[in-house]
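Chains as they are written, first to last, in the working numbering: chain A, 6 to 233; chain B, 6 to 233. Glycine included, C-beta positions come from ideal geometry on N, C-alpha and C. The structure presented is a predicted model; accordingly, all values stated were derived computationally and were not measured. First comes the structure, then the notes that go with it.
Protein chains: 2
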Amino acid sequence: MNRTLLLNERKKTLFVETKLTANMDMATMNKLMECATFANCYPRDVVFRQGDPATHFYSVLSGYVRLYRQNSEGREADIRVCGPGDSFADDLIFGGDTYEYHAQAADKAMLARYDINRVRNASLVDDGMLARAIAGSLAGQLQETMDCIANDRLNTAVQRVALYLLEQAEGQESPASFRLSFQKSLLAGKLGLAPEALSRAFATLKGLGVHVHGRIIEIEDMDALRAL
Amino acid sequence: MNRTLLLNERKKTLFVETKLTANMDMATMNKLMECATFANCYPRDVVFRQGDPATHFYSVLSGYVRLYRQNSEGREADIRVCGPGDSFADDLIFGGDTYEYHAQAADKAMLARYDINRVRNASLVDDGMLARAIAGSLAGQLQETMDCIANDRLNTAVQRVALYLLEQAEGQESPASFRLSFQKSLLAGKLGLAPEALSRAFATLKGLGVHVHGRIIEIEDMDALRAL
DNA sequence: CGCACTTTTGAGCGGAATCAATATCTGTGG
DNA sequence: CCACAGATATTGATTCCGCTCAAAAGTGCG
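In structure tokens form, the structure reads like this:
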């Protein structure tokens with residue numbers, strides 16, 4: 006068994022597990038696969054830049070990608086952090102000809118890279134399955150993004166961090182423990198905080214039984230966090 | 006010509022001018038129309054509540070609808086303000102069975118009200134046009150919503166207000182003038198501000214040649230705002 | 001003309017950003 | 001295995017933005 010074949014099998018598996026392909030039949034998945042190439046990224050690699058003409062959209066197979074915008078002084082604000090299974094820039098399939106944000110690998114990452122025009126054309130000639138899958142993906146992203154706005158506007162830094170920890174510990178009983186899936190500086194950005202603010206939020210949460218050792222988090226009492 | 010007929014013609018016109026129907030052919034539009042009823046709302050009418058089972062999605066034909074979420078203490082945060090042509094809760098067509106936010110008329114409003122199940126089923130049997138139209142609508146909303154996050158995180162109150170005014174004055178030369186399309190308290194919510202903060206932002210902008218008389222806005226020099 | 005609602009203004013406070021310094025972690029090579 | 005360098009994270013001090021509460025002023029409608 007050669008190495009390339011193994012790699013392709015792995016890619017294929019990850020491709021199938023993507024949110025975009027989750028509810029597709031085989032035929033549609035194959036159509037989509039034909040529009041795809043694969044790309045490996047190293048940390049800090051730029052996937053595309055705001056203002057670039059939009060040619061491709063992406064699914065994350067492994068690793069993380071950070072979507073962000075910059076203001077005139079160069080300060081950056083994260084819009085979304087995409088992990089395995091997430092897709093991004095697919096909002097440009099049905100309109101929009103330039104990327105509206107920067108995309109940068111936040112880790113070693115493997116991406117599926119779809120040609121926008123080919124996917125759009127494919128969606129024009131199939132029975133609607135492809136368009137429905139895209140719509141489903143966009144709907145999920147829209148919900149997440151609206152959640153994010155509400156969360157930003159309604160909750161303080163400590164509350165947002167507590168909420169994130171609870172989401173990560175989903176399904177565990179108190180006491181829960183897990184490993185953060187990415188760096189704290191990236192997490193800070195995702196939550197709309199400066200890294201210092203995240204640090205201070207963790208310090209506050211220590212008083213409620215949250216222990217942080219590097220990337221390992223231990224939560225003594227999940228209900229104490231829920232009560233915030 | 007009777008009154009009801011006139012009214013229906015008006016509804017039909019507004020229906021056609023909706024973002025959702027913008028790129029549809031007649032056949033698809035008719036299919037969609039068959040899933041619709043119409044509703045008139047008075048200011049502060051509740052369209053649906055967070056947690057309600059999702060049965061319908063909506064297009065705004067006239068007036069404004071506010072989408073918002075509440076925290077445990079009852080404080081409210083606006084997620085989106087929908088005006089003529091906008092649709093909302095269409096993110097639930099392909100997944101999600103409860104509304105994730107409150108929707109409230111912010112004005113006398115006329116809405117098209119679509120049965121989610123019927124539209125979903127219609128989208129399963131057509132050639133994909135319906136699904137593509139929905140995907141296009143969701144893509145637009147997603148872009149707006151991501152813009153909102155970036156804007157919130159990157160700009161101060163004064164900058165956000167200035168940006169909003171520039172958008173509203175789109176296409177005019179300096180000096181520009183126009184009327185706000187809704188109350189200041191609603192605008193404040195849309196921009197993620199307390200009403201007092203909006204007021205103070207206007208006060209600050211007075212120094213840059215922005216004059217506010219009730220809902221009438223006059224901008225002496227648009228470039229001065231762009232420079233913020 | 002008066003009442004209710006919306007908006008503005010003022011004062012004080014609190015949360016998070018910024019800047020700066022220190023501590024901790026990670027991976028590399030001696 | 002340890003020492004070291006560079007990156008990452010924490011802590012402290014300060015500033016500033018925007019929220020809250022309270023009161024006054026403005027607006028519009030019957």
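In whole angstroms, give me the CA-to-CA distance for residue i and residue j.
{"i": "residue 95 (chain A)", "j": "residue 130 (chain A)", "result": "18 Å"}
{"i": "residue 15 (chain A)", "j": "residue 66 (chain B)", "result": "49 Å"}
{"i": "residue 84 (chain B)", "j": "residue 183 (chain B)", "result": "25 Å"}
{"i": "residue 202 (chain A)", "j": "residue 17 (chain A)", "result": "40 Å"}
{"i": "residue 159 (chain B)", "j": "residue 60 (chain A)", "result": "27 Å"}
{"i": "residue 92 (chain A)", "j": "residue 219 (chain B)", "result": "45 Å"}
{"i": "residue 34 (chain A)", "j": "residue 87 (chain A)", "result": "21 Å"}
{"i": "residue 138 (chain A)", "j": "residue 28 (chain A)", "result": "7 Å"}
{"i": "residue 68 (chain A)", "j": "residue 185 (chain A)", "result": "13 Å"}
{"i": "residue 221 (chain A)", "j": "residue 49 (chain B)", "result": "47 Å"}
{"i": "residue 217 (chain A)", "j": "residue 217 (chain B)", "result": "51 Å"}
{"i": "residue 6 (chain B)", "j": "residue 36 (chain B)", "result": "Confidence in residue 6 (chain B) is poor, its pLDDT being 43 and thus under 50, which makes the residue's placement unreliable; the coordinate value appears in the next sentence. Their backbone Cα atoms lie some 27 Å apart in a straight line."}
{"i": "residue 112 (chain A)", "j": "residue 224 (chain B)", "result": "46 Å"}
{"i": "residue 82 (chain A)", "j": "residue 110 (chain B)", "result": "32 Å"}
{"i": "residue 154 (chain A)", "j": "residue 75 (chain A)", "result": "18 Å"}
{"i": "residue 209 (chain B)", "j": "residue 173 (chain A)", "result": "43 Å"}
{"i": "residue 204 (chain B)", "j": "residue 102 (chain A)", "result": "37 Å"}
{"i": "residue 71 (chain A)", "j": "residue 77 (chain A)", "result": "19 Å"}
{"i": "residue 152 (chain A)", "j": "residue 229 (chain A)", "result": "22 Å"}
{"i": "residue 45 (chain A)", "j": "residue 13 (chain A)", "result": "13 Å"}
{"i": "residue 175 (chain A)", "j": "residue 175 (chain B)", "result": "46 Å"}
Using the Cβ count rule (16 or more neighbours within 10 Å means buried), how would you classify residue i?
{"i": "residue 56 (chain B)", "result": "exposed"}
{"i": "residue 150 (chain B)", "result": "buried"}
{"i": "residue 107 (chain B)", "result": "buried"}
{"i": "residue 47 (chain A)", "result": "exposed"}
{"i": "residue 277 (chain A)", "result": "Chain A is shown from 6 up to 233; residue 277 (chain A) falls before or after that span and cannot be answered."}
{"i": "residue 177 (chain B)", "result": "exposed"}
{"i": "residue 211 (chain A)", "result": "exposed"}
{"i": "residue 195 (chain A)", "result": "buried"}
{"i": "residue 51 (chain B)", "result": "exposed"}
{"i": "residue 161 (chain B)", "result": "exposed"}
{"i": "residue 80 (chain B)", "result": "exposed"}
{"i": "residue 8 (chain B)", "result": "Low per-residue confidence applies at residue 8 (chain B): pLDDT is 48, beneath 50, and the placement is therefore not dependable enough to give any value."}
If residue i sits next to residue j, beta carbons under 8 Å apart, how far is it from one beta carbon to the other, in whole angstroms?
{"i": "residue 73 (chain A)", "j": "residue 116 (chain A)", "result": "That pair is no contact at about 17 Å."}
{"i": "residue 144 (chain B)", "j": "residue 133 (chain A)", "result": "That pair is no contact at about 16 Å."}
{"i": "residue 127 (chain B)", "j": "residue 40 (chain B)", "result": "6 Å"}
{"i": "residue 20 (chain A)", "j": "residue 38 (chain A)", "result": "7 Å"}
{"i": "residue 140 (chain B)", "j": "residue 140 (chain A)", "result": "4 Å"}
{"i": "residue 147 (chain A)", "j": "residue 147 (chain B)", "result": "5 Å"}
For residue i, collect the residues of the same chain with a Cβ closer than 8 Å to its Cβ; drop the 5 residues on either side in sequence, then sort them by chain order.
{"i": "residue 226 (chain B)", "result": "179, 180, 213, 214"}
{"i": "residue 156 (chain A)", "result": "165, 168"}
{"i": "residue 43 (chain A)", "result": "16, 66, 115, 116, 117, 118"}
{"i": "residue 125 (chain A)", "result": "98, 99"}
Spatial neighbours of residue i within its chain, please: CB distance less than 7 Å, with the 5 preceding and 5 following residues excluded, ordered by chain position.
{"i": "residue 200 (chain B)", "result": "189, 190, 193"}
{"i": "residue 121 (chain A)", "result": "59, 60, 61, 62, 97, 98"}
{"i": "residue 187 (chain A)", "result": "69, 111, 112"}
{"i": "residue 231 (chain A)", "result": "171"}
Give every residue of the same chain whose Cβ lies closer than 6 Å to the Cβ of residue i, excluding the five residues on either side of it in the sequence, and list them in chain order.
{"i": "residue 164 (chain A)", "result": "233"}
{"i": "residue 53 (chain B)", "result": "104, 108"}
{"i": "residue 23 (chain B)", "result": "64, 90"}
{"i": "residue 197 (chain A)", "result": "157"}
{"i": "residue 123 (chain A)", "result": "40"}
| message | Against chain A, which members of the stretch 35 to 58 of chain B pass a CB distance test of less than 8 Å? | response | none
| task | Taking only beta carbons into account, state which residues of the stretch 104 to 131 of chain A come closer than 8 Å to chain B, listed in chain order. | result | 105, 106, 128, 129, 131
| field | Within 8 Å of chain B by C-beta, residues of the stretch 148 to 161 of chain A in sequence order | value | 148, 150, 151, 152, 153, 154, 155, 157, 158, 159, 160
| query | For the stretch 64 to 83 of chain B, which residues have a beta carbon sitting closer than 7 Å to at least one beta carbon of chain A? | reply | 74, 76, 80, 82
| field | Residues of the stretch 195 to 216 of chain A with Cβ closer than 7 Å to any Cβ of chain B, in chain order | value | 197
| said: If the cut-off is 9 Å on Cβ atoms, which residues from the stretch 84 to 96 of chain B count as contacting chain A, listed in chain order? | reply: 84, 85, 95, 96
| Any residues in the stretch 132 to 144 of chain A with a beta carbon nearer than 7 Å to a beta carbon of chain B? Which ones, in chain order? | 132, 133, 136, 137, 139, 140, 141, 143, 144
| request: Give, in chain order, every residue of the stretch 168 to 187 of chain B whose Cβ lies closer than 7 Å to some Cβ of chain A. | output: none
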